[in-house]
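Taking it in order: structure first as structure tokens, then the write-up.
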Amino acid sequence: MAALGRTVRLRLLLRSLLVQGSWNYRTMQGAGLGFALIPALTRLYRDDPEALGEALRSHSGFFNAHPYLSTVALAALARMESERTGAEQVERFKRAIVSPLGSLGDRLVWARWRPLCALLAFLIFLLGAPWWVAVGVFLTSYNAIHIGLRIWGLRLGWREGREVGHALMGSPLRRLPDRLTIPLAVVSGAVVPLMALTLGGAVDVGPLSTIGIALALAVAGYGRPGLANRLAVLGLVVGSLAFVLLGSSLW
Amino acid sequence: MISRPIVAGPLAGLLLGDPVAGMWAGAILEILSLRQLPIGANRGWDTGPAAVAAVAAALRWTAGPIALLVGVGFGVVVGWVGSWSVHWMRQFNSRLVAVEGQPLDTPSRLTVRHLSAVFVDLFRATALTAAAVACITLLATALADAAAGLANVVAGLLLLAFASLALGVDLRMMARGRRVWTAAGVGAVLGVILAIWLR
Amino acid sequence: MPILLCRVDDRLIHGQVVVGWGAQLGLDFIAVIDDELAQSDWEQDLYRAGLPNEVEARFPSVEEAVRLIPEWAANEARGFVLTRDILTMRRLAEQGVLSEIEVNLGGLHSAPGRQRVLPYLFLSDRDRAELERLRRAEVRVGAQDVPSARRIDLDELLEMKAS
Numbered sequence: 000m001a002a003l004g005r006t007v008r009l010r011l012l013l014r015s016l017l018v019q020g021s022w023n024y025r026t027m028q029g030a031g032l033g034f035a036l037i038p039a040l041t042r043l044y045r046d047d048p049e050a051l052g053e054a055l056r057s058h059s060g061f062f063n064a065h066p067y068l069s070t071v072a073l074a075a076l077a078r079m080e081s082e083r084t085g086a087e088q089v090e091r092f093k094r095a096i097v098s099p100l101g102s103l104g105d106r107l108v109w110a111r112w113r114p115l116c117a118l119l120a121f122l123i124f125l126l127g128a129p130w131w132v133a134v135g136v137f138l139t140s141y142n143a144i145h146i147g148l149r150i151w152g153l154r155l156g157w158r159e160g161r162e163v164g165h166a167l168m169g170s171p172l173r174r175l176p177d178r179l180t181i182p183l184a185v186v187s188g189a190v191v192p193l194m195a196l197t198l199g200g201a202v203d204v205g206p207l208s209t210i211g212i213a214l215a216l217a218v219a220g221y222g223r224p225g226l227a228n229r230l231a232v233l234g235l236v237v238g239s240l241a242f243v244l245l246g247s248s249l250w
Numbered sequence: 000m001i002s003r004p005i006v007a008g009p010l011a012g013l014l015l016g017d018p019v020a021g022m023w024a025g026a027i028l029e030i031l032s033l034r035q036l037p038i039g040a041n042r043g044w045d046t047g048p049a050a051v052a053a054v055a056a057a058l059r060w061t062a063g064p065i066a067l068l069v070g071v072g073f074g075v076v077v078g079w080v081g082s083w084s085v086h087w088m089r090q091f092n093s094r095l096v097a098v099e100g101q102p103l104d105t106p107s108r109l110t111v112r113h114l115s116a117v118f119v120d121l122f123r124a125t126a127l128t129a130a131a132v133a134c135i136t137l138l139a140t141a142l143a144d145a146a147a148g149l150a151n152v153v154a155g156l157l158l159l160a161f162a163s164l165a166l167g168v169d170l171r172m173m174a175r176g177r178r179v180w181t182a183a184g185v186g187a188v189l190g191v192i193l194a195i196w197l198r
Numbered sequence: 000m001p002i003l004l005c006r007v008d009d010r011l012i013h014g015q016v017v018v019g020w021g022a023q024l025g026l027d028f029i030a031v032i033d034d035e036l037a038q039s040d041w042e043q044d045l046y047r048a049g050l051p052n053e054v055e056a057r058f059p060s061v062e063e064a065v066r067l068i069p070e071w072a073a074n075e076a077r078g079f080v081l082t083r084d085i086l087t088m089r090r091l092a093e094q095g096v097l098s099e100i101e102v103n104l105g106g107l108h109s110a111p112g113r114q115r116v117l118p119y120l121f122l123s124d125r126d127r128a129e130l131e132r133l134r135r136a137e138v139r140v141g142a143q144d145v146p147s148a149r150r151i152d153l154d155e156l157l158e159m160k161a162s
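Chains as they are written, first to last, in numbering that gives the first Met the number 0: chain A, 0 to 250; chain B, 0 to 198; chain C, 0 to 162.
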């Protein structure tokens, strides 16, 4: 176990940044996982090229996790390999770990943190901050969690090995998405009237009625998401086409 | 994360001369694509090239809501085309790193194949962005400017309508329940107060 | 209709299920029906770890599930039923517990002998035979990975060209 020092773990962390690099429908992040594990595997199987080949082959099979939490699996697998855990156990571990790493990360990052950071940045911009401040707020807040998750995952996976499921169950990560729901909803609500103020600002009907229309439409979008989604996307494309083609002749 | 419209938009705007217009195009495109969660084999629009294209298009037309509407509309199309290019790339990647019985059993073989895929993706995104910008440059010379005035008002309202609809959809796709409703309502009231104060 | 989704997905509990379907439909429990998993605590821990606190995970064996599914169907709690393969779902269907419930094909991934029919669905000849048996058991079957995607009916699916 002492065979894998800090440097190797640091290299796992850096390589995890490319774990999605060869995403494909067959093995998804499989080759990415194998690629990221190379520093650990070459160290562990230094004297046994045949076992190294076998390990590389098996670790570039099917794998898919949230990319930021892939470090949990990387470190736990490195730990299991360094303890010479049997191949069948490793396969079963890989099959199961995909599940929490995918859903924890999807819930926290894609469904909460990223939208929250993006809408917060837009809100700040709407309130009058310069554009580069808004971009800076997005990049720093978003990446604080992004990089934090990768490092946290690496440590947890390395410490717990196969039993990492138990540690994940008790981790604050499971509750965090819930805690972010209310802030996300508040920010979403606040963006609508402020956006209306600027976009409808040129309109003679008065800003308050524009704000009212915008809020009503947001409620409609919430109520009928399927229809509203198609309407918004199609409407934008058709609307902009109409302006490009007919613009000057219509008005 | 540079490929998120909220970042790619203003940065493209900075390069092309108007970061504030870039921010607007990026933010609206962001709202439209927030709900596309990249989970499993599911894929959303290719937002980076879409945002650059949207800003490039917006800056070709007269400034104001018309330009934004046309830009974001063009960005949506590019993002959609981009999502297909991602689909083809993923199929190509299968051949690169996931053929049955393929010898990925030395560090160098695995590294070369994996990194080739990374470069293919870089090339794909760059080519798509370049093609989209070239396309809009050609179109812009062929098509006249839309007139300002009333047209701009209509464009602004349309843009606002679609973005508001989309924001409602975003929230619903991520969370639901009375708590969410109430919180969004509180946010909206806050927003209205701020809007009145900002006027 | 307290069993909201009855899904075949070899990744079992994961993002598409929890975020994609769960957030849209609202759910109280997920039941994973798998004989091997019913025996393994550390694996159950891993699957549980991916769920929000308010969602309960249950891991019955097929035999237990045959008894439990009708109970769940009559209950207030809203739940998903997941199996790893079509075979398990077919075993449930042939016990008659899936009538009135639609089976959703949500994800079967690449494996030796399987060919790609949809980006998220790879089928082997055996899988196809199992699907035929599901149909004969008079169960409605459709393929759809996430709520925003188009639902593809079994008839259309079986006619699609594999690659």
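We put the CB at the ideal spot given by N, CA and C, even for glycine.
| Query | Result |
| --- | --- |
| Quick check: what's the CA-CA separation for A/Tyr67 versus A/Ile146? | 8 Å |
| Beta strand (DSSP E) containing C/Glu55: first to last residue? | 55-57 |
| Once the 5 residues before and after A/Ala219 are set aside, which same chain residues still bring their CB inside 7 Å of it? | Ala227 |
| Between the segment 89-112 of chain C and chain A, which residues of the former have a C-beta closer than 9 Å to a C-beta of the latter? | His108, Ser109, Ala110 |
| Taking any Cβ of chain B, which residues in the segment 83-112 of chain A have a Cβ under 8 Å from it, in chain order? | Gly101, Asp105, Trp109, Ala110, Arg111 |
| Measure the CB-CB distance between C/Val18 and A/Asp105 and report whether it falls below 8 Å. | yes |
| Name the chain A residues that come within less than 7 Å of C/Pro118, Cβ to Cβ? | Tyr24 |
| Taking just the CA atoms, how far does A/Val243 sit from A/Gly29? | 45 Å |
| Starting from the C-beta of C/Ala92, find all residues in its chain whose C-beta is less than 6 Å away, skip the five residues before and the five after it, and write them out in chain order. | Leu133, Ala136, Val138 |
| Please list the residues of the segment 145-170 of chain A that have a C-beta atom closer than 7 Å to any C-beta atom in chain C, keeping them in chain order. | Arg161, Glu162, Gly164, His165, Leu167, Met168 |
| Name the one or two DSSP bridge partners that A/Met168 has. | None; A/Met168 has no bridge partner. |
| Who does C/Ile32 pair with in a DSSP beta bridge? | C/Thr82 |
| Would DSSP call B/Gln90 helix, strand or coil? | helix |
| At 7 Å on the CB atoms, spell out the chain C contacts of B/Ala174, in chain order. | Ala22 |
| In the segment 27-49 of chain C, which residues sit with their C-beta less than 7 Å from some C-beta in chain A, listed in chain order? | Trp41, Glu42, Asp44, Leu45, Tyr46, Arg47, Ala48, Gly49 |
| So what's B/Gly43 in DSSP terms, helix, strand or just coil? | coil |
| Only counting runs of 4 or more residues, tell me where the alpha helix (DSSP H) segments fall wholly within the segment 42-126 of chain C, in order along the chain. | 61-72, 85-93 |
| By how many angstroms is the C-alpha of B/Gly12 removed from the C-alpha of B/Ala57? | 10 Å |
| If you draw a straight line from the alpha carbon of C/Ile100 to that of C/Ile2, how long is it in whole angstroms? | 8 Å |
| Would C/Phe121 pass as a contact of C/Leu130 if the rule is Cβ separation under 8 Å? | no |
| In three-state DSSP terms, what is A/Met79? | helix |
| Under the assumption that A/Tyr114 contacts A/Leu167 (Cβ atoms under 8 Å), give the Cβ distance between them as a whole number of angstroms. | For the record, residue 114 of chain A in the displayed sequence is Pro; it is not Tyr. About 23 Å; that fails the 8 Å criterion. |
| Check whether the Cβ of B/Ile30 lies closer than 8 Å to any Cβ atom in chain C. | no |
| Among the candidates A/Leu76, A/Arg94, A/Leu3, whose CA atom is the shortest distance from the CA of A/Gly33? | A/Leu76 |
| Under a CB-based cut-off of 8 Å, is C/Val145 close to chain B? | yes |
| By the 10 Å Cβ neighbour count, where 16 or more other Cβ atoms means buried, how is A/Met0 classified, buried or exposed? | Unreliable positioning characterises A/Met0 in this predicted model, as indicated by a pLDDT of 44, which lies under 50. The coordinate reading is nonetheless provided below. Counting Cβ neighbours within 10 Å, A/Met0 comes out exposed, since fewer than 16 surround it. |
| With a cut-off of 8 Å, does the C-beta of B/Ala116 fall near any C-beta of chain C? | no |
| Mind checking whether C/Tyr119 and B/Gly39 have CB atoms under 8 Å apart? | yes |
| Go ahead and pull the three-state DSSP assignment for A/Arg45. | coil |
| With three or more C-beta pairs closer than 8 Å as the rule, is the segment 228-239 of chain A touching the segment 66-79 of chain B? | yes |
| Buried or exposed for C/Asn52, please, with buried defined as at least 16 other CB atoms from any protein chain shown within 10 angstroms of its CB. | exposed |
| Can you give the beta carbon distance from B/Pro37 to A/Trp112, rounded, assuming they're within the 8 Å contact cut? | Their Cβ separation, rounded to whole angstroms, is 14 Å, which puts B/Pro37 and A/Trp112 out of contact at 8 Å. |
| If you check the beta carbons only, do B/Leu159 and A/Ala217 fall under 8 Å apart? | no |
| Between C/Asn52 and chain A, is there a C-beta pair that is closer than 8 Å? | yes |
| Where C/Lys160 and C/Gln94 are concerned, what is the direct C-alpha to C-alpha distance, given to the nearest angstrom? | 31 Å |
| Whole angstroms are fine: how far does the CA of C/Gly25 sit from the CA of B/Gly16? | 46 Å |
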